[in-house]
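Enquirer: With my numbering as the guide, the letters of the sequence shown map in order to residues 177 to 669.
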Amino acid sequence: MHVTEKLTKPLTEAKYLNADNVDRYRSIMRIFFENYEKLKYWMYQEEVYAQMMQDSYFAEYRMEQCQQDLAALVEWKNLTAIQDTRKVASIQEFKNKKFRYQMSPYSVEIERLVLRLENLFIEGASLEPTLLERIRISIERFSDMGEKDLNTVYTWWQDLNNDFSRLNQNYQDYIRDLNSVKAEEMMRTKEFLVFKDKLIDYLRNFIKGLQKNVGMIEEGLRMLEPELVNRVLDKVIQYELSIPRMDVEVSPELIAEKTRGRYESIRSWFAADHMEENEAGKLFDATNDIIRRITRYAAQLSEKNALGANRREEYRKVAELFLKCEDISEAHRMSAMVFGLEKTFHLKGDCTRETDSMNKGVYEEPAMELVLKPRVRTYREKSRRSAIRESREEKERARRQMLEQLREDRRKIELLEVKGRIDFASLPVIEPRVREILLKWLSDALEDADFAARTDDGRRYVLDMSQADERCVVHCEDGNFTMPKLAIVFQEE
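Here's what the structure looks like:
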């Protein structure tokens, strides 16, 4: 974004849309706009007042109020006033200053915008495959424009930009409407089933047009030489600068930036660079996603309606059949006929039966409870909420046990130590716990370049590797193992 003075200044021309007496201001501006479209650019105060009085809403409207409203609109730059001196017959008439009023360019565009907003839900947006065909034809003519005159090039350029702007705006508005909350709610109603086939056909026809034309447009844009593109755009810029404009300062830099920016927008829409997905691909994915969502909602509605209508009669008929059974035995046979034989469920599990007799019926054995879980990846068992339990005593008890275990281990290790050494070759029969501690110390020292390490209580030791080539047997309560003849030497600090 480039911050300019036009961007930062307040837009006073739009003040009449939300000011006090907005009904009078907007009605006056609509009168000027309707006359503007009829090529009547100048109006007198009396003409404005006469048209205002044609509506019963302004039955109490006065000429003085009309004069004040016109003065306010002139102050907000919505109207331009000029004194009319053509029919002045006396000095008094000249002093009264009879004005003619004309709409400003800003006001014309604001009224056009207001009209589009008023008819927004009437006109609506659409997806038109014909715009893609028109753009494709225009891109195919790009190479011919290098030799054409300025008028032909500018007309071609305006047609291309108008088609692209309509396509870009219409698809954004249409996709936005289909992704709105109102559309989601409508897709869940029964009335949508009547409308969904027509909507899906409409979207698929647009996708066909998109697939048919986008590839050719992308290929045509990529085949254009940069010199040809610059020559054609220079012609467009040259024509823009040759158009005479009153009271408007034309900047060649802004015209060139606008023209080249529009070309880059068209190119990036159909043929994105740097491995990025173009807008046409995004539109294709969004349209397919909408079709899938419509189909899913329609299937859910159809299934819901079918189940609600058919199951009710089935349940009533089954209930009548069971009511006609004379005893429980006949009801069991009926149940086997209705539920068992039609669709059998085989449940396999680790179950314990009271008897292995094959003559004992299912109804003679006690019932079993089987918990069935969904076979989906997203299934998670519900966690039961519970209050925070005070476990200070358990922690303290576990801490005491751990400290007692450490003291016991230290005591047993000290019994093996002789003059600050633990020689593996002269060890007595040791416990598995003691063996794990000694082997851990041995592993920690072997990982060090100096064969040195520290115990858990901070004592430093080194390995005596002088007899590492010899072998010794360490005897344990659960077996014996052979290892190099090493010794742990503690270094007192």
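We put the CB at the ideal spot given by N, CA and C, even for glycine.
Small disclaimer: the values here were computed from a predicted structure and weren't measured.
Put residue 243 into one of helix, strand or coil per three-state DSSP.
Expert: Position 67 of the sequence shown, counting from 1, holds the residue named residue 243. DSSP places residue 243 in helix when its eight states are reduced to three.
Enquirer: Quick one: residues in its chain with C-beta nearer than 8 angstroms to the C-beta of residue 299, no 5 flanking neighbours on either side, listed in chain order?
Expert: Residue 299 sits at position 123 when you count from the first residue of the sequence shown. Because the pLDDT of residue 299 is 49, which lies under 50, any placement of that residue in the model is unreliable, and the question is left without a value.
Enquirer: Report buried or exposed for residue 458, applying the criterion of at least 16 other Cβ atoms within 10 angstroms of its Cβ.
Expert: Along the sequence shown, read from residue 1 onward, the residue named residue 458 stands at position 282. Result: exposed.
Enquirer: I'd like to confirm the pairing. Which residues does DSSP put opposite residue 667 in its beta bridges?
Expert: Counting from 1 along the sequence shown, the entry for residue 667 is found at position 491. Residue 667 pairs with 636.
Enquirer: On the DSSP bridge assignment, give the partners of residue 599 in chain order.
Expert: Within the sequence shown, residue 599 is the residue found at index 423, counting from 1. In the DSSP output, where bridge partners are listed per residue, residue 599 has 663.
Enquirer: Measuring only from the beta carbon, is residue 534 closer than 7 angstroms to any heavy atom that is part of the ligand GTP?
Expert: The ligand GTP is not part of this structure, which contains no ligands at all.
Enquirer: Of all the options 534, 597, 337 and 372, which has the alpha carbon lying nearest to the alpha carbon of residue 434?
Expert: Translated into the one-based positions of the sequence shown, residue 434 becomes position 258. When only C-alpha atoms are compared, the closest one is 337.
Enquirer: What three-state label does DSSP hand residue 327 in the structure shown?
Expert: One-based indexing of the sequence shown puts residue 327 at position 151. Residue state, collapsed to three classes: helix.
Enquirer: In the DSSP assignment, find the unbroken alpha helix (DSSP H) run with residue 589 in it and report its ends.
Expert: Your numbering for residue 589 matches position 413 in the sequence shown. From DSSP, the alpha helix (DSSP H) with residue 589 extends over 568-592.
Enquirer: For residue 208 versus residue 279, is the C-beta distance shorter than 8 angstroms?
Expert: Against the sequence shown, residue 208 aligns to sequence position 32. Against the sequence shown, residue 279 aligns to sequence position 103. Cβ atoms of residue 208 and residue 279: closer than 8 angstroms.
Enquirer: I need the DSSP call for residue 658, collapsed to helix, strand or coil.
Expert: Your numbering for residue 658 matches position 482 in the sequence shown. In this structure, residue 658 counts as strand in the three-state DSSP scheme.
Enquirer: Taking DSSP's pairing of strands, which residues face residue 650 in a bridge?
Expert: On the sequence shown, residue 650 is found 474 positions in, with the first residue counted as 1. In DSSP, residue 650 forms a bridge with 657.
Enquirer: Can you tell which of 532, 369, 386 and 447 has the C-alpha that lies nearest to the C-alpha of residue 400?
Expert: Counted from its first residue, the sequence shown places residue 400 at position 224. Nearest of 532, 369, 386 and 447 to residue 400, Cα basis: 447.
Enquirer: Would you kindly check if the distance between the Cβ of residue 600 and the Cβ of residue 652 is under 8 angstroms?
Expert: Here residue 652 corresponds to residue number 476 of the sequence shown, with the count starting at 1. Here residue 600 corresponds to residue number 424 of the sequence shown, with the count starting at 1. Contact: no.
Enquirer: Can you tell me which of the three DSSP states residue 255 falls into?
Expert: Mapped onto the sequence shown, residue 255 falls at position 79. Note: residue 255 maps to strand in three-state DSSP.
Enquirer: Measuring alpha carbon to alpha carbon, tell me which residue in 625, 613 and 348 is nearest residue 631.
Expert: Numbered from 1 along the sequence shown, position 455 holds the residue referred to as residue 631. The alpha carbon of residue 631 has as its nearest neighbour, out of 625, 613 and 348, the alpha carbon of 613.
Enquirer: Between which two residues does the alpha helix (DSSP H) carrying residue 163 extend?
Expert: The requested residue 163 does not occur in the structure, where the chain is confined to residues 177 to 669.
Enquirer: Can you give me the start and stop residues for the alpha helix (DSSP H) that residue 206 sits inside?
Expert: For the purposes of this step, residue 206 is taken as the residue at position 30 of the sequence shown. First-last of the alpha helix (DSSP H) with residue 206: 198-213.
Enquirer: Identify the continuous alpha helix (DSSP H) that holds residue 359 and give its terminal residues.
Expert: Reading the sequence shown from its first residue, position 183 is the one you call residue 359. Start and end: 357-363.
Enquirer: Distance, Cα to Cα, residue 130 vs residue 476?
Expert: A question about residue 130 goes unanswered here, because the residues of the chain that appear run from 177 up to 669.
Enquirer: Beta-carbon separation of residue 246 and residue 277 under 8 angstroms?
Expert: As a position in the sequence shown, residue 246 is number 70, starting the count at 1. As a position in the sequence shown, residue 277 is number 101, starting the count at 1. Yes, the Cβ-Cβ distance between residue 246 and residue 277 is below 8 angstroms.
Enquirer: What's the call for residue 529, buried or exposed, on a 16-neighbour Cβ count within 10 Å?
Expert: For the purposes of this step, residue 529 is taken as residue 353 along the sequence shown, with counting starting at 1. Burial call: exposed.
Enquirer: Residue 628 lies in the beta strand (DSSP E); which residues open and close that run?
Expert: Here residue 628 corresponds to residue number 452 of the sequence shown, with the count starting at 1. Segment 628-630, the beta strand (DSSP E) holding residue 628.
Enquirer: Express the C-alpha separation of residue 285 and residue 295 in angstroms, rounding to a whole number.
Expert: Residue numbering aside, residue 295 sits at position 119 when the sequence shown is read from its first letter. Residue numbering aside, residue 285 sits at position 109 when the sequence shown is read from its first letter. Distance between the alpha carbons of residue 295 and residue 285: 16 angstroms.
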